[in-house]
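Just so you know, the sequences run in chain order A and B.
With this note's numbering, letter number 260 in the first sequence gets 265, and the count goes up by one each step, no holes.
With this note's numbering, letter number 76 in the second sequence gets 135, and the count goes up by one each step, no holes.
Note sheet for the following structure.
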Amino acid sequence: MTRPLLQTGNARAASLKDVPLYDIGTFRETVLENDREGGRIVSFFGCVPEGEGQVRLFAVLSRHREGVFFILSSDVKGSYRSLTPDCPQAHLFEREIYEEWGIVPEGHPWLKPVRFAPRRRKDGPEIEAGIMDFFRMKGEEAHEVAVGPVHAGVIEPGHFRFQCHGEDVFNLEISLGYQHRGVERAMVEYPGKRRIHYAETLAGDTTIGHATAYCHAVEGLSGCNVPARAQALRGVMLELERLANHAGDLGALSGDVAYLPTSSYCGRIRGDILNITALVCGSRFGRGMLTCGGVRFDVDDVMRQELLERLDRVMSDLKCAADLLWETPSVVDRFEGTGVVDKKMCEELGLVGPAARACGIPRDVRSDLPSGIYRFSQIPVFTCESGDVFARAYVRWMETQKSADFIKEQTEGLPSGAVIAGEGTRLLPGSIVVSAVEGWRGEICHVAMTGVDGELARYKVVDPSFHNWMGLAVAMRGGEISDFPLCNKSFNLSYCGHDL
Amino acid sequence: MIKVILARIKQGYRTSAFPKEEPVLAERFRGLPVLREGMLPEESEERAIACPTGAIGKGPGGASIDLGKCLFCGGCAASPGGAVNFTKDYRLAALSREDLICRPGEAYKLAESAGKEIKRTFGRSLKLRQVSAGGCNACEADLNVLNTLAFDLGRFGIQFVASPRHADGLLVTGPVTRNMRLALKKTYDAMPSPKVVIASGTCAISGGPYIGHEEVIGGVDKELPVDIYIPGCPPHPYTVLDGLLRFLGRR
Ligand code: SF4
């Protein structure tokens, strides 16, 4: 890139003073240039107003194989020229900035609410949940299908609006926000003792992923050195989380094409894996495992043995259950060619995680911008080319095996020593840190900033689902409405992670 | 086909013998807390200040823990002195908000059968409509687990149904966000009477980690009459199952 930007490693603190402040035109051009060259927007958000009516925008960018984040900022007032028409991956970020701060991205093609959140600056109209203009298709035989927020199952709330002609879906619009509980704001405004619990519940099925991102952010801001044993244990727990969810997804996908053997085995296998997590920390979701500076539970030799034995058994069961899928023509037939997202679209939307890897893009924080244990121990990245349900399922299956190998290797070779750092976690004043973790759904990004007093001043969370919901909408285009459950499961996105 | 049969043999029969046999939970599982009698004021004070949700209160017998607010993080048990201990007892469901307060030297008041009428009407068949009203999806995830063959909820005559019109009970998770308030109310109204309401998980009982947020109502009982409370963050599937069976007078 032609202009100087702040470059910083994953979970490495930098001084806020070093973030270049550009006029909005230059800011815009820089982000677009990064996009044209194949870069990504990792995070893009507004921050504490500087003076009357002014909001400071921050963009965190990344570029393939560059191993650092690029940060820049700009002050805006009232409105600015939208990036989205030239750079679709900015679309939801710009909507969010509009919703939070009332700053209008002029020319945004789809300027709608994101989560029906109360404005941070109380000078805009209150927005009612679910009330917005949906895209509509006109025509004699066109019809609309509306689903949610309450769904027919034990699922989180969200609203889906399909424009159909017969069985064919022309457009799907997804409207979320029902889970909005104000976590980002509370991270800063509520007592610090709640923060780890906010992190653990940003998306409950990603407790370890988000808690790791939070702890890395705090540790980066306080220069705390996490002992090697704690880092290895965090890695083990993160991969267990991936393993459990991927196994569950394989079962659910199988259930959605009415192939019951794998669906019933995987439902149970997922539980067996959650129980391994509970073996270590007492909670099936990894609650209470992480703390700033390390982990709260150590693993002794007896437990280590037990963990490895259980893992072996689980993997043998999982292999048996998953192999049935790939060997059953009726399953493969339903998976193949359903819900296709092509590579170009994936790049444009900035998809992450298994959804991106299923389109042939080797995007993975663990190898692109490793932090924690992944700086010392690599995990191979697996991709598929077809971008369909099959690819998203198969990528998950391959990843479960890699995760299991990693867990084994780490557990067998656990470094000795303490599991928690002795030093405190006082935050550096006037700093910024970007902390990214590859959760099981993809890139989790937390950005934390401190004020001159060393207190948190802004905390921004991007859950992988924030990038990927649009991927699901696009995957449904031109498909049949009866394929929706299957497509939906193949992405398996988080509502609460999106809604925060 | 032969592979399917071989797989079936390998995977075996895995449904638990619950409730005939007690489940084996992880050694480190944090269930019902036990408070030491005669806790020193400074011991309880220190814990009350550190508790993330204000679950620790002061009472005549020393400290108390409100399980309706507790995240079972174990923070208070980790502070030295051993004044609080989390046991492996997973049975936590209670019939009233007051019963969720755990006091030193007092037996925890577990839910009992909600009465003959409930038992007669729902005892052999309870259809539940679940509404996720905010929260983090961990409660929902561990409710879904009840449908797996490890628990096989259906064998108790309990089932999650798609329509509120088919439901006898409403099982709510999450702190009830402002954005879900209307949908929750509409679902409740759409259910035929008699109907029961179950608040499952710390969020649904009190707001959990989100207590005090302007974006949430902070507990189902601020909106609807709740018949049974199931604590936990999230509740263990056995905690939920035990609670439901107790309520129906089947445990
Ligand atoms: S375990 Fe419960 S009572 Fe104890 S500190 Fe955590 S939330 Fe508070």
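Ideal placement from N, C-alpha and C gives every residue a C-beta, glycine not left out.
Check	Outcome
Closest by C-alpha distance to P293(B), when choosing among L300(B), R188(B), E199(B)	E199(B)
Cross-strand partners of Q218(B) (DSSP beta bridge)	K186(B)
Chain A contacts from the segment 225–254 of chain B (Cβ-Cβ distance under 9 Å)	L230, T232, G233, P234, T236, R237, N238, M239, R240, L241, A242, L243, K245, T246
Segment contact flag, the segment 428–438 of chain A with the segment 224–234 of chain A, C-beta cutoff 8 Å, min 3 pairs	yes
Whether V275(B) touches T236(B) by CB criterion (8 Å)	yes
Chain A contact for P129(B) (CB, 8 Å cutoff)	What sits at residue 129(B) in the sequence shown is Cys, not Pro. So, not an interface residue.
Rounded Cβ spacing between A128(B) and G90(B) (contact assumed at less than 8 Å)	Strictly speaking, residue 128(B) in this sequence is Lys, with Ala absent from that position. Not confirmed; about 16 Å, so no contact.
Contact set for A409(A): own chain, Cβ-Cβ below 7 Å, skip 5 residues either direction	L248, L316, M320
8 Å contact criterion, which P234(B) and G278(B) should meet: CB distance rounded	7 Å
Identity of the residue in Q59(A), S20(A), A64(A), Q236(A) nearest L37(A) by Cα	A64(A)
Interface flag, K465(A) vs chain B, CB-CB below 8 Å	no
Exposed unless 16 or more other CB atoms sit within 10 angstroms - verdict on A151(A)	exposed
Interface residues of chain B facing K198(A) [CB-CB closer than 7 Å]	A109, P111
Short CB-CB distance (under 8 Å) between V50(B) and chain A	Beyond the ends of chain B as shown, which are 60 and 310, falls residue 50(B); an answer cannot be given.
Rounded Cβ spacing between N473(A) and G358(A) (contact assumed at less than 8 Å)	7 Å
The alpha helix (DSSP H) enclosing Y270(A), as first and last residue numbers	265–286
Any C-beta of chain B under 8 Å from that of N280(A)	yes
A173(B) versus S259(B): straight-line alpha-carbon distance, rounded	17 Å
Cβ pair S48(A), K465(A) closer than 8 Å	yes
C262(B) Cβ short of 7 Å to the ligand SF4 heavy atom set	no
Distance, V442(A) Cα to H69(A) Cα	16 Å
Beta-carbon proximity of E341(A) to D306(A), cut-off 8 Å	no
Cross-chain neighbours of C286(A) in chain B, by beta carbon under 7 Å	R87
Near-chain B residues of the segment 302–334 of chain A (beta-carbon distance less than 9 Å), N- to C-terminal order	F302, M308, S321, D322, C325, A326, D328, L329, E332, T333
Check: A216(A) C-beta below 7 Å from any heavy atom of the ligand SF4	no
Closest Cα partner of I278(A) within the set S87(A), E244(A), V304(A), P385(A)	E244(A)
Test: Y270(A) CB closer than 8 Å to a CB of chain B	yes
Closer than 6 Å to the ligand GTP: residues, by C-beta to nearest heavy atom, in chain order	No copy of the ligand GTP appears in this structure; the ligands present are the ligand SF4.
Beta-carbon separation (whole angstroms), E485(A) vs V24(A), contact threshold 8 Å	Incorrect: roughly 48 Å between the Cβ atoms, too far for contact.
As assigned by DSSP and simplified to three states, the class of H148(A)	strand
Alpha-carbon to alpha-carbon, S268(A) and M483(A)	Met is not the amino acid found at residue 483(A); the sequence shown has Gly there. When rounded, the distance between both Cα atoms is 27 Å.
Simplified DSSP assignment, three categories, for T236(B)	strand
Cβ-Cβ separation, R401(A) to L498(A) (assumed contact under 8 Å), whole Å	Between R401(A) and L498(A) the Cβ distance is about 14 Å, and since that is not below 8 Å, they are no contact.
Any 3 or more C-beta pairs closer than 8 Å across the segment 207–222 of chain B and the segment 200–207 of chain A	no
Interface positions of the segment 165–188 of chain A facing chain B (Cβ-Cβ less than 7 Å), listed along the chain	G182, Y183, Q184, H185, R186, G187
Minimum Cβ-Cβ distance from Y149(B) to chain A less than 8 Å	no
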